[in-house]
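Here's the structure, in structure tokens; my notes come after.
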Amino acid sequence: MSSGRFLRFKTLSSKMLGLSLLPVVLFILFFLAYVIPTIHSSVMHAKQEGLRQLVETAITLLQDQEAQVRSGQISQETAQERGKALLRVLRYDKTNYLWIQSAGPRIVLHPSHPEWAGKATDDLGDPAQVKLFRGLEAVAQNPEGGFYEYSFGKPGQSGLFPKVGYIQTFAPWGWSVGTGVYVDDVDRQVRTVTTVIALGLLLVSGLVYVLVRTISRKVVQPLHHLVEGLRNSDLSKLITVTVEDEIGQAAQAFNDYNSGMRKTVQDISEYATRVASGSTELAAAAEQMSQAVGEIARVSEDLKSAGEQVAESMKGLGSSANLVAARTQEAEARSREVANETDRSAEAGRGTAEGMTGIQQVTGQIVKAVSVIQDIARQTNLLSLNAAIEAAKAGSMGKGFAVVADEVRKLAERSGTAAREIEALTQHTQEVVSGGVQSVDTTLASLEAIRERIGGMAQSITDIGSLSRQQAITGQEVSGMMSKTTGRLAQNASATHELASTVQEIAKTSEELAQVSEGLRAVVGGFKL
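Listed below in structure tokens is the structure:
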């Protein structure tokens, strides 16, 4: 594991654990890369040394037998038989043995294959075996002996297994004594040693892990609580300082910093609240000021327009006043003429009234005359009726008189009818004349009132003319004053527009300030104090 991966650990406990286990891991890597091969080489060397010592021991046993032969105690054949017997029973590692071969090569002794005894290797029928023993014979030519790697079968198992053998020549008898060990046995021993060492390393790693875990928990757990508090914006949590080393000093420094940070956040929260309140009030005041400025601008514009209209109207009013003054003079003269005409009309009306009175008197006389005519007609009708009766009594003699009497009667009826019509006309005429007299009287009263009103109107017209001339002069003065006022109102309107723009900028700034303060309050509100 490279150091870069340790740098990518996210937690302090994992880094501490990684740094503490790094030597163990490096030792394991060193163990795998160097120690295990060294152990394998050492075990193999020890095995080879053991093989050499076993062969030398066997050679020593044979030398003892040769010494007895030389001393004449036993014959060479007996010595060789004793030598074979000794080597036959000489075993190690339960299954390993020694064998003897002679030149040829020929098998003298082979405990795993007794049937090979006395046979030449060429007669074994296995080319691999022939090659094996010839190779061993070649190595045995070295007086110091030598090692030879080969493959050989295991008892009770099929196949060939790699072995390492050592062979040395016992010159007096022309024998070569050899032995071998299976390589997988060496590997098994190496694995056993490796397993023991690995278990030891694992135990050491576990102890280191527990120790570092315990230490890191004491160091990291307060930091973990603090990190959780910071993740939740809780500045109220502090690290419990239990040591006075660099970590304790760092924890105390962090506690001091956290306390200062908490006070700073509290101050920021208070200031943000004040700024938010002030910006709200400023926005409200700016809004009211904006409305007031808008109203002032509108009124100023209205006053400006009204002033211009008044100035223009005053100019027209001056001209109208002069014209009214001239017209009042003409009206005054015409009113006097109307008064004179009214007097003449009243005089004529009085004459008409007198004539109407005369007509009324004449119609009264006519009514009387008509009444007389009606009486005469009634009497004539009565007389004609009597004459007709008498004529009827006279018979044929009175027939002509009856005709005359009938004509007289008809004439009397027509006279009565005409008299009644005249009476009706006369009565209507009297009514009309009476109404005319009343109308004339009313007209005379109206003309008198008109004459009086015309006199008052003439005086009023004279007064109006005087006032109109004064109004013309005043209108000119007012027109000049309104022109100056309009100019000032125009300046005021321009200043008001500029003030409105400034107020809008203030309102916009207050809104931005309110947004900033709200954002600041939101950020600060996320902290737990």
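Numbering follows the numbering used here, with no gaps: position 168 of the sequence shown is 169. Note that beta-carbon positions come from the ideal geometry of N, C-alpha and C, so glycine has one too.
I need the boundaries of the beta strand (DSSP E) containing residue i, first residue and last residue.
i	result
residue 33	Note, residue 33: premise wrong, no beta strand (DSSP E); not H, not E.
residue 116	No beta strand (DSSP E) contains residue 116, which DSSP labels as neither H nor E.
residue 546	Residue 546 falls outside the range modelled here, since the chain spans only 2 to 530, and no answer is possible.
residue 166	161-171
Round the Cβ separation of residue i and residue j to the nearest angstrom and send it over; I've been treating them as touching at under 8 Å.
i	j	result
residue 99	residue 55	7 Å
residue 424	residue 368	7 Å
residue 1	residue 165	Since the first residue shown for the chain is 2 and the last is 530, residue 1 is missing from the structure and cannot be characterised.
residue 25	residue 209	6 Å
residue 151	residue 168	Contact flag wrong, Cβ pair sits at about 11 Å.
residue 137	residue 102	7 Å
residue 281	residue 515	6 Å
residue 427	residue 364	5 Å
residue 112	residue 83	Not confirmed; about 16 Å, so no contact.
If I follow the unbroken alpha helix (DSSP H) through residue i, where does it start and stop?
i	result
residue 130	128-141
Quick one: grab the DSSP three-state call for residue i.
i	result
residue 269	helix
residue 76	coil
residue 2	Note that residue 2 has pLDDT 48, beneath the 50 cutoff, so the model's placement of it is unreliable and no number is given.
residue 245	coil
residue 277	helix
residue 104	coil
residue 453	helix
residue 154	strand
residue 24	helix
residue 237	coil
residue 511	helix
Per DSSP, what are the beta-bridge partners of residue i in this structure?
i	result
residue 97	93
residue 390	Residue 390 pairs with nothing; no bridge assigned.
residue 396	Paired residue(s): none; residue 396 is not in a bridge.
residue 149	166
residue 110	101
residue 425	Beta-bridge pairing links residue 425 to no other residue.
residue 121	107
Rounding to the nearest angstrom, what Cα-Cα distance links residue i and residue j in this structure?
i	j	result
residue 85	residue 110	7 Å
residue 43	residue 76	43 Å
residue 122	residue 178	15 Å
residue 523	residue 484	58 Å
residue 372	residue 341	47 Å
residue 206	residue 215	14 Å
residue 337	residue 449	14 Å
residue 134	residue 106	7 Å
residue 380	residue 351	44 Å
residue 508	residue 517	14 Å
residue 191	residue 175	37 Å
residue 439	residue 421	27 Å
residue 263	residue 255	12 Å
residue 502	residue 495	11 Å
residue 108	residue 87	16 Å
residue 200	residue 33	14 Å
residue 520	residue 217	39 Å
residue 23	residue 29	10 Å
residue 417	residue 395	29 Å
residue 383	residue 410	8 Å
residue 117	residue 170	19 Å
residue 362	residue 374	19 Å
residue 443	residue 370	32 Å
residue 67	residue 131	30 Å
residue 155	residue 127	16 Å
residue 401	residue 359	49 Å
residue 253	residue 245	9 Å
residue 124	residue 27	56 Å
residue 406	residue 388	6 Å
residue 512	residue 291	14 Å
residue 212	residue 94	43 Å
Determine whether the Cβ of residue i lies closer than 7 Å to any Cβ atom of chain D.
i	result
residue 20	As a matter of chain content, chain D is missing from the structure shown, which is built from one protein chain.
Let me check you understand the geometry: is the CB of residue i closer than 6 Å to at least one non-hydrogen atom of the ligand ADP?
i	result
residue 51	As presented, the structure is devoid of all ligands, the ligand ADP included, so that no description of it is given.
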